[in-house]
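What follows is one structure encoded as structure tokens, with my remarks underneath.
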Amino acid sequence: MELLAPAKINLFLYVTGRRPDGYHELCSLMCAVAIYDRLVLRMGGARSTVACHGCDLPLDGTNLALGAVTVFNAALAAETQRRPEQVAIRLDKKIPVGAGLGGGSSDAAAVLKGLNAYHGHPFDEGRLCALALVLGADVPFFIRGRPALVTGIGERIRPYAGLPAMDVVIVYPGFGLSTAAVFKNLNLALTKSKKKLRYFPFNNGSFSATHHLHNDLEAGVGEHFTVLADIKERLCRLGAMGAAMTGSGSAVFGLFANAADASKAKDVLEQQPGWQVFATRLLT
Ligand SMILES: C[C@@](CO)(OP(=O)(O)O)[C@H](O)COP(=O)(O)OP(=O)(O)OC[C@H]1O[C@@H](n2ccc(N)nc2=O)[C@H](O)[C@@H]1O
Ligand SMILES: Nc1ncnc2c1ncn2[C@@H]1O[C@H](COP(=O)(O)OP(=O)(O)O)[C@@H](O)[C@H]1O
């Protein structure tokens, strides 16, 4: 079975609070983009394995693709009459790791959905999302896959229809960041998000690339990595309607009105040694 796992960007991300268990409450507009990891699943065998191509990831249960097999098989054994099977996964990694592009989460969601289809859909989408949340806060979004307003720590997902088709240039600056470390470094008192959130037309307004891009995690990361502000400025000079860091970084994206402008910006930015640049589009 062959699966494609798309990356995502956070068009805006507000941190609205902190739970007693340390996780943060968010309000984020998320959309998948057309950059894909490719996974090939071979069913059967004595034990589940993962082999990664294109990057150096752990190959044990901490690999989110393999973790998804364990979570799925445990639920299958406990909640249905079906017999779990071991799975050998080949993962061709295209999404930069630790970039705020959700690659690991998307790999996990793709495996959960793929195994669910293989076994004849024993779980509905709601149950799959609950299994996904065990693997990571971002994983339920990828189960649904459509543009969404995401709240809670990532488990409340409301489809959002107000996103226009847009072209996106994503710049990975050559280093990844740890999501946990970025949240730890956040000064919640400075975000004052609840007040700012009032300005977004949640119910039926449409998204504006010039007004609504925002990321509460950006200031803290930007203090340590000034290259992010540099990337944003260069994207805007090259014609982006707006630019922001995605998720907990390190990647920065710019939104463009058309594919020709996005492609021109990519050609310029990828001259920079160490940067990996993608010209892609929102999967609206
Ligand atoms: C920030 C976001 C925004 O979309 O994306 P990324 O930048 O990671 O892609 C997500 O909330 C990340 O989701 P995900 O990457 O699945 O996070 P997890 O593995 O569940 O959590 C890693 C660590 O980040 C912190 N964390 C994560 C999510 C959240 N809502 N609050 C948190 O405080 C916690 O310290 C947690 O231990
Ligand atoms: N299949 C996977 N793909 C990417 N990262 C993975 C995977 N499995 C585990 N990880 C771990 O997850 C962390 C980053 O995940 P990733 O989804 O790439 O970044 P982000 O959370 O910033 O979007 C890294 O520490 C990486 O080792």
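Residue numbers (this note's numbering): 66 to 349. Beta carbons: idealized from backbone N, C-alpha and C, even for Gly.
- Here DSSP, grouped into helix, strand and coil, assigns residue 183 to helix.
- Excluding sequence positions up to five before and after residue 188, its CB lies within less than 6 Å of the CB of 181, all in the same chain and listed in chain order.
- As the crow flies, the alpha-carbon of residue 208 is around 11 Å from that of residue 71.
- Collapsing the DSSP output to three states places residue 138 in a helix.
- The beta carbons of residue 165 and residue 285 sit about 13 Å from each other, so the pair does not count as a contact at 8 Å.
- Of 178, 161, 110, 232, the smallest CA-CA separation from residue 67 is found for 178.
- In this chain, the beta strand (DSSP E) harbouring residue 90 covers 89-108.
- In this structure, ligand 1 has a non-hydrogen atom nearer than 7 Å to the beta-carbon of residue 202.
- Judged by DSSP in its simplified three-state form, residue 190 adopts helix.
- With contacts defined as CB atoms closer than 8 Å, residue 234 and residue 330 qualify as a contacting pair.
- Residue pairing for residue 157: DSSP places it in a beta bridge opposite 103, 118.
- In the DSSP secondary-structure assignment, residue 216 is bridged to 92, 221.
- In the three-state reduction of the DSSP assignment, residue 205 falls in the helix class, which pools H, G and I.
- Here the C-alpha atom of residue 295 lies approximately 37 Å from the C-alpha atom of residue 194.
- Per the coordinates, the alpha-carbon of residue 274 lies some 12 Å from the alpha-carbon of residue 301.
- Rounded to whole angstroms, the gap between the alpha carbons of residue 139 and residue 170 is 19 Å.
- In this structure, residue 133 has its CB at a distance of at least 7 Å from all heavy atoms of ligand 1.
- At a Cβ-Cβ threshold of 8 Å, residue 236 and residue 173 do not count as neighbours.
- When DSSP reads this structure, residue 341 sits in a beta bridge with 237.
- The beta carbon of residue 341 lies closer than 8 Å to those of 161, 236, 237, 239, 335 in the same chain, with the five residues before and after it left out.
- For residue 279, the closest alpha carbon among the candidates 305, 291, 253, 309 is that of 309.
- Your pair residue 228 and residue 349 checks out as a contact, with CB atoms roughly 5 Å apart and the cut at 8 Å.
- The beta carbons of residue 201 and residue 312 sit no closer together than 8 Å.
- In the three-state reduction of the DSSP assignment, residue 198 falls in the helix class, which pools H, G and I.
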